[in-house]
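Those sequence lines, one after another, are chains E and B.
The first sequence begins at 408 in our numbering and counts up one residue at a time.
The second sequence begins at 408 in our numbering and counts up one residue at a time.
To start, the structure under review is shown below, and the notes come after it.
Protein chains: 2
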Amino acid sequence: MPTIELGLDTFGDLTVDADGRPRSHAQVLRDVVAEAELADQLGIAFFGVGEHHRPDFAIGAPEVLLGAIAGRTERITLGTAVTILSTDDPVRVYQRFSTLDAVSNGRAEVILGRGSFTESFPLFGYSLEDYDDLFEEKLAIFAALRDADRTGEPVHWKGTVRTPLEGVRVYPPVEHPPLKAWVGVGGSPESVVRAARYHFPLTLAIIGGDPRRFTPYVELYHRALAQLGHPTMPVSVHSPGHLAETDEKAREELWPAYQVMRNRIGSERGWPPTSRAEFEREVAEGSLYVGAPETVAHKIAATMRDLGVSRFDLKYSNG
Amino acid sequence: MPTIELGLDTFGDLTVDADGRPRSHAQVLRDVVAEAELADQLGIAFFGVGEHHRPDFAIGAPEVLLGAIAGRTERITLGTAVTILSTDDPVRVYQRFSTLDAVSNGRAEVILGRGSFTESFPLFGYSLEDYDDLFEEKLAIFAALRDADRTGEPVHWKGTVRTPLEGVRVYPPVEHPPLKAWVGVGGSPESVVRAARYHFPLTLAIIGGDPRRFTPYVELYHRALAQLGHPTMPVSVHSPGHLAETDEKAREELWPAYQVMRNRIGSERGWPPTSRAEFEREVAEGSLYVGAPETVAHKIAATMRDLGVSRFDLKYSNG
Numbered sequence: 408m409p410t411i412e413l414g415l416d417t418f419g420d421l422t423v424d425a426d427g428r429p430r431s432h433a434q435v436l437r438d439v440v441a442e443a444e445l446a447d448q449l450g451i452a453f454f455g456v457g458e459h460h461r462p463d464f465a466i467g468a469p470e471v472l473l474g475a476i477a478g479r480t481e482r483i484t485l486g487t488a489v490t491i492l493s494t495d496d497p498v499r500v501y502q503r504f505s506t507l508d509a510v511s512n513g514r515a516e517v518i519l520g521r522g523s524f525t526e527s528f529p530l531f532g533y534s535l536e537d538y539d540d541l542f543e544e545k546l547a548i549f550a551a552l553r554d555a556d557r558t559g560e561p562v563h564w565k566g567t568v569r570t571p572l573e574g575v576r577v578y579p580p581v582e583h584p585p586l587k588a589w590v591g592v593g594g595s596p597e598s599v600v601r602a603a604r605y606h607f608p609l610t611l612a613i614i615g616g617d618p619r620r621f622t623p624y625v626e627l628y629h630r631a632l633a634q635l636g637h638p639t640m641p642v643s644v645h646s647p648g649h650l651a652e653t654d655e656k657a658r659e660e661l662w663p664a665y666q667v668m669r670n671r672i673g674s675e676r677g678w679p680p681t682s683r684a685e686f687e688r689e690v691a692e693g694s695l696y697v698g699a700p701e702t703v704a705h706k707i708a709a710t711m712r713d714l715g716v717s718r719f720d721l722k723y724s725n726g
Numbered sequence: 408m409p410t411i412e413l414g415l416d417t418f419g420d421l422t423v424d425a426d427g428r429p430r431s432h433a434q435v436l437r438d439v440v441a442e443a444e445l446a447d448q449l450g451i452a453f454f455g456v457g458e459h460h461r462p463d464f465a466i467g468a469p470e471v472l473l474g475a476i477a478g479r480t481e482r483i484t485l486g487t488a489v490t491i492l493s494t495d496d497p498v499r500v501y502q503r504f505s506t507l508d509a510v511s512n513g514r515a516e517v518i519l520g521r522g523s524f525t526e527s528f529p530l531f532g533y534s535l536e537d538y539d540d541l542f543e544e545k546l547a548i549f550a551a552l553r554d555a556d557r558t559g560e561p562v563h564w565k566g567t568v569r570t571p572l573e574g575v576r577v578y579p580p581v582e583h584p585p586l587k588a589w590v591g592v593g594g595s596p597e598s599v600v601r602a603a604r605y606h607f608p609l610t611l612a613i614i615g616g617d618p619r620r621f622t623p624y625v626e627l628y629h630r631a632l633a634q635l636g637h638p639t640m641p642v643s644v645h646s647p648g649h650l651a652e653t654d655e656k657a658r659e660e661l662w663p664a665y666q667v668m669r670n671r672i673g674s675e676r677g678w679p680p681t682s683r684a685e686f687e688r689e690v691a692e693g694s695l696y697v698g699a700p701e702t703v704a705h706k707i708a709a710t711m712r713d714l715g716v717s718r719f720d721l722k723y724s725n726g
């Protein structure tokens, strides 16, 4: 019987108070700390926070927030969902997570991704044209830094996306290497194979549609690991959801926030407006885990069984 | 009677245990969290951590460490000593401190500096040849981001050290702008005038010699503020020290660690080896605050009076 873990993710969506007034970004961040404390007390396995760089989300510096959460929790694993490695510096990311790992007594892990939003590219001086090269090279650097802590050997790296690393070690080192690091993918076969190549566990971000359509990616990942001669690694799923006392209440609570958020993102990406019918389809057969606890538990269990994954992270905050 | 504040600074020097074995970087970081908790309980005004990127120091990601400290303290102000702005991204720095400010309920402040060590330049892909331009332009960006939170206006910036910022706001915004930010200087008149120009309070890093030789810089700062039509701003001092039950015990405890560290740094910078006589001179008349509490209190009070400064931050960890 494999270990089954349940995690919670949030992007720090800007919420409104009881009178409909938007809470400040700072208040949302403090709310997230309180939510993580509760998750820790309830025995949730993982708490992940996602980075955005736009007004409708409060989390722009995830590891600082996770540092505060580390100071107020005891058991829960702390990580990101995801760290946009493409527009960050792998050296800085490694330092931040090594520090988080130290102050949390080994509870840190990072999920590295290419980023699904595009705001961070111009903000940090990168071009979307370099989307693939940025992630490929930075993941190679990150993997090399991770190996350096295990072997004690300095890192030599040369490429196109940053200046060379000529025999450097990065401080502070991780206390018990390797640093736990996943690669988060949205459904590109190249990304799945890349995660296998660098021997990172795999996180599938399934944010819409029937989760079973990701079965080929899971199979591809395990096949790639085997072909590369790597031992097997865990696979996890990240999907959005909302719980309430009853199925109906959960749907009624989520629908207005879902609609606003989905149409805001959709208008940026050229999607047509969503509909209640689409929402209900996502709840019934897609990747929205919405309902009473028993309903959501059954749906999570089905997805984990269908895909053969060992951790399910529910993104619980929806505007 | 002006407010007088006492702060503590540490760079997370790698320490040894009772048997002389080096502690891990991770353990040193956890020790720093515990030291900050004690400082908070004792009513110390400020706790600052300094960033290094070399094996003899544990702090490479200060704001993550400060996040953990924020989660475990109630009153103490939290900051850096210093943040090497030259080799970081002002946008990222702003996001990290805004996040720290939120999770600490408004207790964050940043001290921005050019950096006295050089390791961070090659590590993060910068050239020491650009030392002045990097700090000048990045300080301008940081000041613009700080103003943007106050005015609500987006930032427009164009220069040479990073890609332009074309009408951006940075999230999360600081809850109660302006973000408290100092400029740390080591004794360059240009740096003092620059701090005044952007209307940052001034921190003097006085790490050797008679502190009174900094009097002209304090006068220059106040004169520059007045000429620019800015209201007056506080000045603080950062200097190293060590306390024990008696003056003699404090000196005997510090000397071996001081000697090792001073000569390690000195050999990198081309200084001749230090001597016990030089050490004793620094303790008697220079910028080492070493002795019994009463002795050190008198010396701190004299420096604050001589220079007319309102905060004194003692760097207490010395290898």
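Backbone N, C-alpha and C fix where the C-beta goes; we use that ideal spot for every residue, glycine too.
Flag R503(E) as yes if its beta-carbon sits less than 8 Å from any beta-carbon of chain B, otherwise no.
Here residue 503(E) refers to the residue found at position 96 when the first sequence is read from its first residue. True, the Cβ-Cβ gap to chain B drops below 8 Å.
With a threshold of 8 Å on Cβ separation, who are the neighbours of Q502(B) within its own chain once the five nearest residues in sequence on each side are excluded?
As a position in the second sequence, residue 502(B) is number 95, starting the count at 1. Only V577, Y578 and P579 meet the Cβ criterion.
Flag D426(B) as yes if its beta-carbon sits less than 8 Å from any beta-carbon of chain E, otherwise no.
Indexing the second sequence from 1 puts residue 426(B) at position 19. Not one chain E Cβ lies under 8 Å of D426(B).
Just list the residues that DSSP pairs I491(B) with in beta bridges.
The count along the second sequence starts at 1 and reaches residue 491(B) at position 84. BP columns for I491(B) point to G520(B).
Please identify, using Cβ separations under 8 Å, the residues of the region 462–485 of chain E that lie next to chain B, in order along the chain.
Hits within the stretch, in order: P462, F464, A465, I466, G467, A468, E470, V471, L472, L473, G474, A475, I476, A477, G478 and R479.
Sorted by chain position, which residues of the same chain lie with C-beta nearer than 6 Å to S493(E)'s C-beta, five sequence neighbours on each side aside?
Walking along the first sequence from the start, residue 493(E) turns up at place 86. Cβ neighbours of S493(E) beyond the five flanking positions: R521, G522, L541 and F542.
Starting from S527(E), follow the alpha helix (DSSP H) in both directions and report where the run begins and ends.
Your numbering for residue 527(E) matches position 120 in the first sequence. From DSSP, the alpha helix (DSSP H) with S527(E) extends over S527 to L530.
Buried or exposed for T480(E), please, with buried defined as at least 16 other CB atoms from any protein chain shown within 10 angstroms of its CB.
One-based indexing of the first sequence puts residue 480(E) at position 73. Counting Cβ neighbours within 10 Å, T480(E) comes out buried, since at least 16 surround it.
Among all the DSSP beta bridges, which residues are the ones paired with L572(E)?
Reading the first sequence from its first residue, position 165 is the one you call residue 572(E). Paired residues: W564(E).
Start and end of the alpha helix (DSSP H) containing Y578(E)?
As a first step, residue 578(E) is located in the first sequence; it is residue number 171 there, counting from the start. No alpha helix (DSSP H) contains Y578(E), which DSSP labels as neither H nor E.
Among the residues of its own chain, which have a CB less than 6 Å from the CB of L572(B), if the five just before and after it don't count?
Position 165 of the second sequence, counted from the first residue, corresponds to residue 572(B). V562 and W564, listed in sequence order.
Let me confirm a value: V423(E) is counted as buried when at least 16 other C-beta atoms fall within 10 Å, else exposed. Which label applies?
Against the first sequence, residue 423(E) aligns to sequence position 16. Label assigned to V423(E): exposed.
Using a C-beta cutoff of 8 Å, does Y538(E) count as contacting chain B?
In the first sequence, the residue the question calls residue 538(E) occupies position 131. Output row for Y538(E): interface = no.
Please report the residue range of the beta strand (DSSP E) in which W662(B) lies.
For the purposes of this step, residue 662(B) is identified with residue 255 of the second sequence, where counting begins at 1. No beta strand (DSSP E) contains W662(B), which is instead part of the alpha helix (DSSP H) from D654 to R676.
Alpha carbon to alpha carbon, how far is V599(E) from L627(E)? Give it in angstroms, no decimals.
Here residue 627(E) refers to the residue found at position 220 when the first sequence is read from its first residue. Here residue 599(E) refers to the residue found at position 192 when the first sequence is read from its first residue. For L627(E) and V599(E), the distance between alpha carbons rounds to 7 Å.
So with Cβ pairs under 8 Å, would you call Y578(B) a contact of chain E?
For the purposes of this step, residue 578(B) is identified with residue 171 of the second sequence, where counting begins at 1. Output row for Y578(B): interface = yes.
Taking a Cβ distance cut-off of 7 Å, strictly less, list which residues of the region 550–571 of chain E are near chain B, in chain order.
If the cut-off is 7 Å between Cβ atoms, the region 550–571 of chain E has R569 and T570 near chain B.
Please state the DSSP three-state secondary structure of E458(B).
Residue 458(B) sits at position 51 when you count from the first residue of the second sequence. In the structure shown, E458(B) sits in coil (DSSP, three-state: anything other than H, G, I, E or B).
Would you say T710(E) reaches chain B, if we count a Cβ-Cβ gap shorter than 8 Å as a contact?
Position 303 of the first sequence, counting from 1, holds the residue named residue 710(E). Not closer than 8 Å to any Cβ of chain B, the Cβ of T710(E) fails to qualify, so no.
Quick one: is A684(B) buried, meaning 16 or more other Cβ sit within 10 Å of its Cβ, or exposed?
For the purposes of this step, residue 684(B) is taken as residue 277 along the second sequence, with counting starting at 1. Exposed is the call here.
Report the neighbours of F531(B) on chain E: residues whose CB is nearer than 9 Å to its CB, in chain order.
In the second sequence, the residue the question calls residue 531(B) occupies position 124. Within 9 Å Cβ-Cβ: D496, V498, R499, R569 and T570.
Mind checking if R688(E) is an interface residue toward chain B, Cβ cutoff 8 Å exclusive?
Looking up residue 688(E) in the first sequence gives position 281. Not one chain B Cβ lies under 8 Å of R688(E).
Since S431(B) meets chain E, which of its residues come closer than 7 Å, beta carbon to beta carbon?
As a position in the second sequence, residue 431(B) is number 24, starting the count at 1. Simply E582.
Per DSSP, which one or two residues make a beta bridge with P647(B)?
As a first step, residue 647(B) is located in the second sequence; it is residue number 240 there, counting from the start. In DSSP, P647(B) forms a bridge with K722(B).
Going by DSSP, which residues form a beta bridge with G591(E)?
Here residue 591(E) is taken as the residue at index 184 of the first sequence, counted from 1. In DSSP, G591(E) forms a bridge with T610(E).
Please list, in chain order, all residues of the same chain as A446(E) whose beta carbon is under 7 Å from its beta carbon, the five residues on each side excluded.
Start at 1 with the first residue of the first sequence, and residue 446(E) comes out as number 39. Here the set comprises L415, F454 and I483.
Under 8 Å between the Cβ atoms of D556(E) and P584(E)?
Here residue 556(E) refers to the residue found at position 149 when the first sequence is read from its first residue. Here residue 584(E) refers to the residue found at position 177 when the first sequence is read from its first residue. Yes, Cβ-Cβ distance for D556(E) and P584(E) is below 8 Å.
So which residues on chain B does A657(E) lean against when the C-beta distance must stay under 8 Å?
Position 250 of the first sequence, counted from the first residue, corresponds to residue 657(E). None at all; the shortest Cβ gap to chain B is about 29 Å.
For F531(E), collect the residues of the same chain with a Cβ closer than 6 Å to its Cβ; drop the 5 residues on either side in sequence, then sort them by chain order.
Counting from 1 along the first sequence, the entry for residue 531(E) is found at position 124. Closer than 6 Å at Cβ, skipping near neighbours: T494.
The beta strand (DSSP E) that contains E412(B), what's its start and end?
As a working note, residue 412(B) is residue 5 in the second sequence. Unbroken beta strand (DSSP E) run through E412(B): E412 to T417.
Looking at the strands, I want to know which residues DSSP matches up with T484(B).
On the second sequence, position 77 is the one that residue 484(B) refers to. T484(B) is bridged to F453(B).
Whole angstroms are fine: how far does the CA of F418(E) sit from the CA of K722(E)?
For the purposes of this step, residue 722(E) is taken as the residue at position 315 of the first sequence. For the purposes of this step, residue 418(E) is taken as the residue at position 11 of the first sequence. Whole-angstrom Cα-Cα distance: 8 Å.
Here's a check: name, in chain order, each residue in its chain whose Cβ is nearer than 6 Å to the Cβ of A515(E), leaving out the five neighbours to either side.
Along the first sequence, one-based indexing puts residue 515(E) at 108. Counting only Cβ-Cβ distances below 6 Å, and skipping sequence neighbours, we find L485, F504, L507 and D508.
DSSP three-state call for P429(E): helix, strand or coil?
For the purposes of this step, residue 429(E) is taken as residue 22 along the first sequence, with counting starting at 1. Of the three classes helix, strand and coil, the one that applies to P429(E) here is strand, per DSSP.
Between which two residues does the beta strand (DSSP E) containing Y696(B) stretch?
Counted from its first residue, the second sequence places residue 696(B) at position 289. Start and end: Y696 to G698.
Under a Cβ-count criterion, where at least 16 other Cβ atoms within 10 Å of its own Cβ denotes burial, should L611(E) be classed as buried or exposed?
Your numbering for residue 611(E) matches position 204 in the first sequence. The residue in question, L611(E), is buried, as its Cβ has 16 or more Cβ neighbours within 10 Å.
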